[in-house]
Structures are given as structure tokens and as C-alpha cells.
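Under the working numbering, the residue at position 173 of the sequence shown is numbered 178, and the numbers go up by one with no gaps. In this text, a Cβ means the ideal position worked out from N, Cα and C, and glycines have one as well. A short worksheet on the structure shown next.
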Amino acid sequence: MFIGHFALGVATKKIAPTLPIWILLLAPQFMDLLFMPLVALGIEGYEPGAYGHDTLDALYTHSLVGAAVIAALAYWIGNKFWRDSNGGLILAALSFSHWIIDLFVHHQDMAILPGNFGGLPLLGFGLWNFEYSVFAIEVAMAISATAFYVQWARAEQKGLRWFVGPMLVAAFFAILIAADIPRLPAL
Ligand SMILES: [Zn+2]
6 MFIGHFALGV ATKKIAPTLP IWILLLAPQF MDLLFMPLVA LGIEGYEPGA
56 YGHDTLDALY THSLVGAAVI AALAYWIGNK FWRDSNGGLI LAALSFSHWI
106 IDLFVHHQDM AILPGNFGGL PLLGFGLWNF EYSVFAIEVA MAISATAFYV
156 QWARAEQKGL RWFVGPMLVA AFFAILIAAD IPRLPAL
């Protein structure tokens with residue numbers, strides 16, 4: 006669901022026009038951005054697999070409490086830099102949306118408490134087992150998000166400049182989608 010998270014951020018541009026597109030792209034990925042250094046430090050783990058079948062050990066960043074803490078951090082960042090445009094709430098919502106979306110696709114590997122303290126049941130509805138459906142949803146999300154962004158840019162940006170942002174975002178999605186295609190299971 007890497008693409009889907011980015012798509013949600015891009016789609017938000019229309020309702021949060023004063024927030025720059027780069028922060029809208031980053032906010033839904035704060036949890037994965039923190040996951041990467043923790044993997045490097047050996048605190049969390051990542052074993053690449055086919056599409057939807059990576060093995061993820063993200064018991065801190067992707068725990069429910071971890072997601073709430075990261076959303077609080079996003080709120081602080083948003084309030085610090087974009088207070089006038091509800092930046093705090095928007096970035097916090099985007100950051101936490103990562104957990105909600107992951108809950109649907111992840112295999113049961115998402116903890117409630119950090120480090121799966123107390124051994125509570127792990128969560129994840131496992132939609133990643135339906136690789137083609139989830140991939141189709143991601144592509145649809147990327148296309149709709151870009152369309153929303155184009156709509157906003159055409160209305161709000163002067164001259165030919167409107168074209169630049171959506172073109173870069175479309176290219177970015179195209180690269181991510183192309184990179185995922187070889188990872189899909191054979192038909
Ligand atoms: Zn994630």
C-alpha cells in the first residue's frame with residue numbers, strides 16, 4: 006500500500022491548498038519514514054517479498070499507540086508551520102490514516118502496544134492476499150488523486166505553471182506503479 010498512502014496525501018491538496026504538496030506526500034508516510042531507521046538499527050525488521058508479501062516487523066512504528074504518538078508529532082509539525090490552515094489537524098489525520106489503511110492490508114503483524122507489550126493479539130485483515138485487487142485499488146487511488154490535484158492546479162495556478170506539480174506527481178506514481186508490476190504474482 007505504499008502508493009495508496011502517497012495518493013491520499015496528493016488528494017488532500019484540494020481541501021488543504023495552502024499546505025505544500027511535499028508535506029502532503031510525506032505526512033501519510035511518517036510511520037514508514039520512522040520505520041526505515043529503526044530497521045537500520047535492528048529494532049524493527051523488513052524482509053522483502055513479492056507484492057503484498059514483505060515480512061514486516063514494525064511493532065513500534067505500526068503499533069496503535071505508536072501511530073497515535075507519530076500523529077501527535079505530525080500535529081506539532083503542522084501547527085508549527087501551517088497553523089493558519091489547520092496544518093496540525095490535517096497532518097495528524099494524514100499520518101494516522103497510514104495505520105487505518107495498513108490495518109486492512111497487513112497480515113496479522115500490527116501490534117496495539119509498542120513492541121507488542123503484553124502479547125495482545127496482532128491485527129491486520131490481510132487484504133494483501135488479494136494482490137491484484139489491492140494493486141488495482143492503489144492504481145485507482147493514484148489516478149484519482151492526480152486528477153484531484155490537476156483540478157486544483159488548473160483552477161488555482163497561473164499560466165502554464167499549473168502543469169508542473171501534477172506532472173511530477175504523475176511521473177512519481179508511474180515509477181512506483183512500474184516498480185510494483187514485476188512483484189505481482191504470475192497470473
Ligand atoms: Zn507502513
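- Excluding sequence positions up to five before and after T17, its CB lies within less than 6 angstroms of the CB of L29, all in the same chain and listed in chain order.
- In the DSSP annotation of this structure, T151 is not part of any beta strand (DSSP E); the continuous alpha helix (DSSP H) holding it starts and ends at 136-161.
- At a threshold of 8 angstroms, D62 does not count as near ligand 1, since its beta carbon sits no closer than that to any of the ligand's heavy atoms.
- Y51: not part of any alpha helix (DSSP H); member of the beta strand (DSSP E) spanning 50-52, first to last residue.
- Here S100 has A32, F35, I75, A76, A79 as same chain residues with Cβ atoms under 6 angstroms from its own Cβ, once five neighbours each way along the sequence are excluded.
- Straight-line measurement puts the Cα of G57 at about 19 angstroms from the Cα of A179.
- Within the same chain, F109, V110, S138, V139 come within 8 angstroms of L132 by CB-CB distance, once the 5 residues on both sides are set aside.
- Residue environment analysis places M115 among the buried positions, since at least 16 neighbouring C-beta atoms fall within 10 angstroms of its C-beta.
- In the DSSP assignment, D62 forms a beta bridge with G50.
- The Cβ atoms of N84 and G71 do not sit closer than 9 angstroms to each other.
- At a threshold of 8 angstroms, D37 counts as near ligand 1, since its beta carbon sits closer than that to one of the ligand's heavy atoms.
- Around A150, the same chain offers A12, V15, A16 as residues with beta carbons nearer than 6 angstroms, after the five sequence neighbours per side are excluded.
- Straight-line measurement puts the Cα of D37 at about 10 angstroms from the Cα of W104.
- Nearest in C-alpha terms to Y154, of all of W167, K163, V144, A145, is W167.
- Ranked by how close their Cα comes to the Cα of W87, the residues A158, P22, Y65 have P22 in first place.
- In the DSSP assignment, F40 falls within the alpha helix (DSSP H) that extends over 35-45.
- If you draw a straight line from the Cα of F122 to the Cα of F40, it is about 18 angstroms long.
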